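Residue numbers (the numbering used here): 132 to 371. The structure appears right after this line, and notes come after that.
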């Protein structure tokens with residue numbers, strides 16, 4: 132009976148924390164939705180900057196001009212609320228962790244959040260401008276290069292997720308070493324295969340131009356090396 136009560140209490144706590152997290156996203160969304168058009172304009176800025184004079188996006192869906200900016204406001208609300216959401220998740224799982232697990236979990240959690248945001252920033256400020264310039268340079272004469280705003284949003288969000296996940300490579304490497312799945316020495320030995328894999332992943336995820344693939348593959352390789360360095364430091368500290 133005690134075990135059942137404990138299980139139910141955990142479910143109640145989980146529900147309460149989910150409600151708090153969703154409420155935070157909703158409150159932020161209510162504050163941002165009035166600037167939904169401005170948020171979409173900011174998201175579209177990298178493409179609009181390379182379109183020919185008078186170039187514009189189009190909306191092929193009747194309600195797309197309303198739904199797409201609202202979706203952007205929702206995604207931005209989720210991103211802003213992420214620290215609070217992670218705090219709620221941490222508050223739920225922390226009581227079940229040992230002290231040494233907490234000491235490792237907090238830095239890794241913070242690092243993963245910062246790296247994901249850094250990946251999104253890299254995509255927005257580096258990848259998108261470069262990739263759109265390449266696309267614009269290949270546009271045939273007499274062809275009007277326009278895109279649907281909903282398709283643009285889907286493409287941009289896909290790239291944000293791809294680059295955000297790519298920038299998590301150091302955290303994954305450190306976790307693998309801490310868990311004993313692989314040693315630091317082994318990570319160095321398989322470096323050449325990781326490099327090949329990075330270029331394969333980049334070729335699959337990014338548009339089919341060399342510049343775009345390099346802008347994903349090279350950071351992935353550099354972050355892998357950074358993960359090895361951090362993992363080496365962690366191993367030395369644990370050995371002391």
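Glycine included, C-beta positions come from ideal geometry on N, C-alpha and C. Being a predicted model, the structure only gives us computed values, none of them experimental.
Here residue 160 is near residue 205, since their CB atoms are less than 9 Å apart. Looking from the CA of residue 202, the closest CA among 154, 167 and 186 belongs to 167. Taking a C-beta distance under 9 Å as the contact criterion, residue 347 and residue 332 qualify as a contact pair. Boundaries of the alpha helix (DSSP H) harbouring residue 303: 300–309, taken from the DSSP string. Around the CB of residue 171, 16 or more other CB atoms lie within 10 Å, so the residue is classed as buried. Rounded to the nearest angstrom, the Cβ distance from residue 340 to residue 265 is 5 Å, consistent with a contact under 8 Å.
Between the segment 345–359 and the segment 285–304 there are three or more inter-stretch CB-CB distances shorter than 8 Å, so the stretches are counted as touching. Note that the C-beta distance between residue 345 and residue 259 is not below 9 Å.
In the structure shown, the three-state DSSP call for residue 169 is helix.
Rounded to the nearest whole angstrom, the CA to CA distance from residue 189 to residue 234 is 50 Å.
Residue 256 counts as exposed, since fewer than 16 other C-beta atoms from the protein chains shown sit within 10 angstroms of its C-beta. Secondary structure note for residue 329: its alpha helix (DSSP H) is the uninterrupted segment 322–336.
Between the alpha carbons of residue 239 and residue 273 lies a distance of about 51 Å. Cβ contact annotation for residue 243 (same chain, cutoff 8 Å, sequence separation greater than five): 299 and 302, in chain order. In the three-state reduction of the DSSP assignment, residue 192 falls in the coil class, being assigned neither a helical nor a strand state. For residue 323, the closest alpha carbon among the candidates 291, 356, 295 and 294 is that of 356. Considering only 176, 219 and 198, the residue with the shortest C-alpha distance to residue 150 is 219.
With respect to the 9 Å criterion, residue 248 and residue 305 are not classified as neighbours on the basis of their beta carbons.
From the listed residues 334, 182, 211 and 231, the smallest Cα separation to residue 309 is found for 231.
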